[in-house]
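Beneath this line is the structure, given in structure tokens, with notes to follow.
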Amino acid sequence: MRPLVAHVDLSALRHNYALARREAGDRPAFAVVKANAYGHGVRAVVEALDEADGFAVACLEEALEVRRCRPQARILVLQGVFGSEDWQHAAQLGLDVAVQGREQLESLLACQVVQPLRLWLKLDSGMHRLGFDLAALREAHARLQGAAQVAELNLFSHFACADLPEHPLNRQQLDAFTALDDLSFTQRSLANSAAIFACRAAHRDWLRPGIMLYGASPFVERPAATLGLQPVMHLQGALIGVREVAAGESVGYGASWVAAQPTRIGTLSCGYADGYPRSAPPGTPVLVAGRRVPLVGRVSMDMLTVDLSAVPEAQVGTPVELWGRTLPVDEVASACGTIGYELLSKLAARVPRHYHG
Ligand SMILES: *Cc1c(COP(=O)(O)O)cnc(C)c1O
């Protein structure tokens with residue numbers, strides 16, 4: 007087998023879930039496992055989190071997969087469902103479902119579901135992506151209260167800038183959410199990972215930690231380790247080629263990188279078809295034999311190349327970490343102009359996941 011494996015540390019995952027709850031006064035938490043558990047493998051993650059109070063996913067397709075492993079758990083569908091067949095299906099599966107727009111509300115009320123559902127009305131508190139504004143939400147609440155389709159009526163909303171705790175939109179969104187405190191809801195949920203750490207007033211009844219479960223930071227400026235998080239994914243490989251290139255020679259597609267001096271180049275079996283971003287610029291850090299070396303040349307579909315000058319003893323077979331325990335995914339993401347969320351969730355299906363702990 008080629009040397010490229012994503013090692014997934016399930017005990018770190020459990021540590022991070024426990025930390026999420028502890029940071030917020032031990033409130034119940036939907037572990038957010040959308041997008042294949044941010045690339046970690048949803049089945050293994052859901053099975054490992056046997057203590058979780060519930061799970062949250064983006065869509066019905068993902069909920070189905072979680073339901074298969076967890077016949078009893080609460081599973082919240084964050085984008086809601088689309089049409090009467092979906093409502094029926096969600097009722098059969100006993101899901102918690104978001105209602106984020108007028109069409110979803112109407113299609114539910116036009117439907118006779120096999121059993122009433124736990125609903126989560128979504129407030130558009132300022133992100134302006136999904137949800138009802140304050141007036142429309144009151145109206146939706148009035149129509150759903152007591153309706154035959156409703157087992158439980160809950161409220162949720164989502165922050166646009168929780169990763170920047172000083173941003174004024176956070177206060178605005180919190181105020182909008184609080185402005186509905188006079189309505190009767192069974193429970194309320196507002197906090198994602200960033201708000202769990204940075205906004206006590208947002209904790210309310212249910213937490214929705216995502217990225218922090220996987221040990222990456224929800225903040226631009228606070229490294230995950232300083233938050234007490236443990237990285238869960240360790241993307242590891244080994245050099246599959248080593249060569250000397252002379253000054254003036256280029257490396258990789260487009261001959262875009264040219265050696266300024268004689269340089270030892272290492273080649274790794276990891277490319278953009280594995281989920282490593284093609285946009286990674288020269289200088290993006292890669293760990294070879296425990297030392298940071300710069301990526302050079304363009305990332306290709308199945309390979310990338312690094313400058314081995316700092317590791318003269320490196321040879322074919324020398325271990326490499328793309329991100330993980332020693333090289334935080336957030337650092338690689340930042341070098342690539344993106345966030346840890348994207349690197350983790352885009353890790354391709356062809357990269358084997360090995361589970362530990
Ligand atoms: C993805 C998502 C979350 C989790 O966000 P993190 O920043 O990963 O903690 C919470 N709520 C909603 C609605 C989401 O879409």
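Here the sequence shown stands for residues 7 to 363, numbered as in our numbering. C-beta atoms are modelled at their ideal positions from N, C-alpha and C, and glycine is treated no differently.
Ala279 and Arg149 have their C-alpha atoms spaced approximately 48 Å apart. When the Cα atoms are used, Ser315 and Gly254 turn out to be separated by approximately 16 Å.
With a cutoff of 7 Å, Val38 counts as near ligand 1, since its C-beta is closer than that to a heavy atom of the ligand. The straight-line gap separating the alpha-carbon atoms of Leu301 and Val317 is approximately 13 Å. Using a cutoff of 7 Å, the CB of Ile217 counts as near ligand 1, since one of the ligand's heavy atoms is closer than that.
When Val11, Gly31 and Asn42 are compared, the shortest CA-CA separation from Ile217 is found for Asn42.
Taking the Cβ of Ser199 as the reference point, at least one heavy atom of ligand 1 falls within a distance shorter than 7 Å. Set against 7 Å, the gap from the CB of Arg135 to the closest heavy atom of ligand 1 is not smaller. Taking the C-beta atoms as reference points, Leu349 is found nearer than 8 Å to Val338. Taken atom to atom, the span from the alpha-carbon of Gln155 to that of His95 is near 13 Å.
Inside the stretch 137-179, DSSP marks whole beta strand (DSSP E) runs of 3 or more residues at positions 156-162, from first to last along the chain. For Gln110, the enclosing alpha helix (DSSP H) covers residues Arg108 to Leu115. Taking 7 Å as the cut-off, the C-beta of Arg214 counts as close to a heavy atom of ligand 1. Residue pairing of Pro300 in beta bridges, as defined by DSSP: Pro291. Annotated three-state conformation of Ser351 is helix, per DSSP. Proximity of the beta carbon of Pro224 to ligand 1 is indicated: a heavy atom of the ligand is located closer than 7 Å. The DSSP assignment places 199-204 as complete runs of the alpha helix (DSSP H) inside the stretch 182-210, in order along the chain (cut-off: 4 residues). The way I'd put it, the stretch 196-212 doesn't touch the stretch 12-19; fewer than three beta-carbon pairs between them come closer than 8 Å.
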